[in-house]
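Those sequence lines, one after another, are chains U and C.
Following this note's numbering, the residues of the first sequence are numbered contiguously, the last one being 117.
Following this note's numbering, the residues of the second sequence are numbered contiguously, the last one being 224.
Note that CB positions come from ideal geometry on N, CA and C, so glycine has one too.
Heads up, the thing below is written out as structure tokens.
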Amino acid sequence: QVQLVQSGAEVKKPGASLKVSCKASGYTFTGYYIHWVRQAPGQGLEWMGRINPNSGDTNYAQKIQGRVTMTRDTSISTAYMDLNMLTSDDTAVYYCARDFSYGLDVWGQGTTVTVSS
Amino acid sequence: DIQMTQSPSSLSASVRDRVTITCRASQSISTYLNWYQHQPGKAPKLLISTASSLQSGVPSRFSGSGSGTDFTLTISSLQPEDFATYYCHQTYITPFTFGQGTRLEIK
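Laid out in structure tokens, this is it:
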């Protein structure tokens, strides 16, 4: 079945870097954009950006531009989200999701990231 | 960036009530508007795409309408499993912004 499986929970110190992976299965990885969305504690959903797995083209939210890089490895059907210079404001659950052109129809299980000294 | 404003921010309702949530975009987004249901501890779930298309497997009590800047999500008869937070999300132009969410609580 179509699914996205994310890497496990992370605890990071302020100023550190984060890499979350999102492995796709059950469909043609290069055929659908992958988006990244996060939810900080007590807050709403925040769109972070997206990557075209076929071309590697990306779009990022301005708030995190300069700190975020989204990449992919088509040989293993996996997308990655790197975020550097972490602060406590980056504490959140991070989700990857597939875009079937009419919305985000398949989501990963979420990766909890805690940034604390 | 396009701002998405949902109202109300929270709502108390009873089982079998009819509920409507609105979402307003700061500029026209045609019908590039999706609705998601988010329950604690779970991934968000796509309910409605392109403003009014019900996703496969989503109960017919959910419906969406609107175009341009004003959109609505209606639940015709609330069921216990519908108590969650609902988000609108525009995919007209990047950055693809979410509304702030509407928390639907049991009265």
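- Distance from the Cα of Arg-72 of chain U is smallest, within the candidate group U:Arg-50, U:Leu-18, U:Ser-101, for U:Arg-50.
- In this structure, the beta-carbon distance from Ala-40 of chain U to Met-48 of chain U does not fall below 8 Å.
- Taking all protein chains shown into account, Ala-24 of chain U has 16 or more neighbouring C-beta atoms within 10 Å of its C-beta and is therefore buried.
- Taking 8 Å as the threshold, the shortest C-beta distance from Asp-89 of chain U to chain C does not fall below it.
- For Tyr-32 of chain U, no chain C residue has a Cβ inside 9 Å of its Cβ, as the nearest lies near 13 Å away.
- Restricting attention to C:Thr-167, C:His-155, C:Gln-123, C:Leu-171, the CA atom closest to the CA of Asp-199 of chain C is found in C:His-155.
- By the C-beta density criterion, Gln-207 of chain C is buried, having at least 16 other C-beta atoms within 10 angstroms.
- Not a single CB atom of chain C sits nearer than 8 Å to the CB of Gly-56 of chain U.
- One alpha carbon belongs to Tyr-95 of chain U, the other to Gln-6 of chain U, and they sit about 8 Å apart.
- Its Cα nearest to that of Ser-169 of chain C, the residue C:Gly-183 stands out among C:Gly-183, C:Val-136, C:Ile-210.
- A straight line joining the alpha-carbon of Val-93 of chain U with that of Gly-44 of chain U spans about 11 Å.
- Judged by DSSP secondary structure, Asn-59 of chain U falls within the beta strand (DSSP E) whose first and last residues are 58 to 60.
- By the neighbour-count criterion, in which a residue is buried when 16 or more other Cβ atoms sit within 10 angstroms of its Cβ, Gly-15 of chain U is exposed.
- Close CB contacts of Tyr-33 of chain U within its chain, under the 6 Å cut and outside five residues either way in sequence, are with Arg-50, Asn-52, Asp-99 (chain order).
- Every unbroken stretch of the beta strand (DSSP E) spanning 3 or more residues and falling wholly within the region 162 to 223 of chain C is given here in chain order: 162 to 166, 179 to 184, 187 to 192, 202 to 207, 219 to 223.
- Taking 8 Å as the cut-off, the Cβ atoms of Asp-82 of chain U and Thr-74 of chain U do not count as close.
- In the structure shown, Asp-99 of chain U adopts extended strand secondary structure according to DSSP, grouped into three states.
- Looking only at C:Ile-165, C:Phe-188, C:Ser-194, the smallest Cα-Cα distance to Val-132 of chain C is reached by C:Ser-194.
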